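Colleague: For the sequence shown, the UniProt record's numbering begins at 1 and goes up steadily by one.
Backbone N, C-alpha and C define an ideal beta-carbon position, used for all residues, glycine too.
Computed from a predicted structure; not experimentally measured.
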Amino acid sequence: MKRRFLAFELNCFWYWDATLLEWPKCVQLFQTGLESRVKGDTSKVLVNDFSTTDLVSQTASQIVVMDSMKHYFRYIVLLGMAWDSVVESCGIPSVTLHGTLEDWSRLVEKARALRALSIGLDWWLDKLDPVLEQLMATYRGNVDHDWWSQVLSTSGYRSGPSPDYITGWVCAFFPYDEEKGKTFPRKNIFEDNPPKGLVECPFIIRDARVRPPVETDNLLVAGSCGVSVTEDGRGVTPCIGWLVKKDPNARKGKESKNKKRGPEENPVVNRPKTRSSPKV
Numbered sequence: 001m002k003r004r005f006l007a008f009e010l011n012c013f014w015y016w017d018a019t020l021l022e023w024p025k026c027v028q029l030f031q032t033g034l035e036s037r038v039k040g041d042t043s044k045v046l047v048n049d050f051s052t053t054d055l056v057s058q059t060a061s062q063i064v065v066m067d068s069m070k071h072y073f074r075y076i077v078l079l080g081m082a083w084d085s086v087v088e089s090c091g092i093p094s095v096t097l098h099g100t101l102e103d104w105s106r107l108v109e110k111a112r113a114l115r116a117l118s119i120g121l122d123w124w125l126d127k128l129d130p131v132l133e134q135l136m137a138t139y140r141g142n143v144d145h146d147w148w149s150q151v152l153s154t155s156g157y158r159s160g161p162s163p164d165y166i167t168g169w170v171c172a173f174f175p176y177d178e179e180k181g182k183t184f185p186r187k188n189i190f191e192d193n194p195p196k197g198l199v200e201c202p203f204i205i206r207d208a209r210v211r212p213p214v215e216t217d218n219l220l221v222a223g224s225c226g227v228s229v230t231e232d233g234r235g236v237t238p239c240i241g242w243l244v245k246k247d248p249n250a251r252k253g254k255e256s257k258n259k260k261r262g263p264e265e266n267p268v269v270n271r272p273k274t275r276s277s278p279k280v
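1. Confirm, please, whether the CB-CB distance from V227 to V221 is below 7 Å.
2. Does T32 come out as helix, strand or coil in the three-state DSSP assignment?
3. Pull up the CB-CB distance for R115 and D122, whole angstroms please, since I reckon it's below 8 Å.
4. Classify V65: buried if its beta carbon has 16 or more other beta carbons within 10 angstroms, exposed otherwise.
5. From F73, I92, I119 and A137, pick the residue whose C-alpha is nearest to that of T100; which is it?
6. For P272, which residues of its own chain have a beta-carbon under 7 Å away from its beta-carbon, when the five flanking residues on both sides are left out?
7. Does the beta-carbon of S57 have 16 or more other beta-carbons within 10 angstroms, so that it is buried, or is it exposed?
8. Which class does E215 belong to by DSSP, given the choice of helix, strand or coil?
9. Is L78 closer than 7 Å to A7 when the C-beta atoms are compared?
10. E22 by DSSP, collapsed to three states: which one?
11. Look at F73 and R140 and say whether their C-beta atoms are less than 7 Å apart.
12. Under 7 Å between the Cβ atoms of residue 281 and L152?
13. Can you give me the C-alpha to C-alpha distance between W104 and D129, rounded to a whole angstrom?
14. Check each candidate in S51, T59 and G223 and name the one with the smallest Cα separation from T32.
15. Can you confirm whether the stretch 206-215 touches the stretch 230-250 when touching is taken to mean that 3 or more C-beta pairs between the two stretches lie within less than 8 Å?
16. Find the nearest neighbour of D207 within the set V199, E200, T216 and C201, judged by alpha-carbon distance.
17. Can V199 and G223 be called in contact, C-beta distance under 7 Å?
18. Between L34 and S43, is the Cβ-Cβ spacing less than 7 Å?
19. I'd like to know whether the C-beta atoms of W124 and P194 end up nearer to each other than 7 Å.
20. Please report the distance separating the alpha-carbon of D146 from that of P93.
21. Compare the beta carbon distance of L55 and P24 with 7 Å and say whether it is the shorter of the two.
22. Since W242 is in the beta strand (DSSP E), which residue starts that stretch and which ends it?
23. DSSP three-state label for D144, please.
24. For V45, which three-state DSSP category applies?
25. When DSSP labels each residue in this structure, what does R3 get in the three-state scheme?
26. Using the three-state DSSP reduction, which class does Y139 fall into: helix, strand or coil?
27. Tell me G226's beta-bridge partners as DSSP assigns them.
28. Mapping DSSP to helix, strand and coil, what is I63?
Here you go:
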């Protein structure tokens, strides 16, 4: 059975300053987390909470409850920089879904409309549709914690902490892989070939204000440009943007073709000068 992660952040708690008074605080936070995740009042019933109960005995009983649940939960305390390393392995601590319910419903409808076009994307939509349905259910308040714990997992063929590839339902948002100009369906996200999240559309600007007209090769770039940190500093949100830039590879390609052709294959054509109309 795959254990679910139960983690919390305690910035004021450092292991080299740990005291007896701080450890009960940690145990209490785990107990609170169990109460919100275990059905019924199981965790509350097992806790020592009588009139004669002091802090020591109460904490001890809470630890006993934690031990009884250890096969279902993995307990983690996040301290300072440990946040980044733990988030990579235990999933996303919290999620905020923006927009309205109508927005999420329209997103699901757009996926269905895409399937109705019969353009050969059913293999991808079969993976995407369940993800969109779960996101809409989350927005409605029906949160499947087990499903969210499977958003991203690291796996590999070699031993050691460095993964070879990433699995999880996040891969549904990256249907294609690209290698040497060819695309093919993506199953996993490999470490050496992650998705860029950006597209580049080439176009030409022809400036006829000069003679002869000058052409420049350019690119329209759009997509996910990174993330921005939220105001409280505890989360990130994706940034979408676009830009226009010169194509650094197009001109090199043309120069390479010209060199292969040779001077005899690239004749210079002298165009006749335009005669001016006679004055009347």
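Modeller: Taking the structure as given:
1. no
2. helix
3. 6 Å
4. buried
5. A137
6. Interpretation of P272 is limited by its pLDDT of 43, a score under 50 that renders its predicted location unreliable; no figure is taken from the coordinates.
7. exposed
8. strand
9. yes
10. helix
11. no
12. The question about residue 281 has no answer here: the residues shown for the chain are numbered 1 through 280.
13. 12 Å
14. T59
15. no
16. T216
17. yes
18. yes
19. no
20. 13 Å
21. yes
22. V236 to K246
23. coil
24. helix
25. coil
26. helix
27. C239
28. helix
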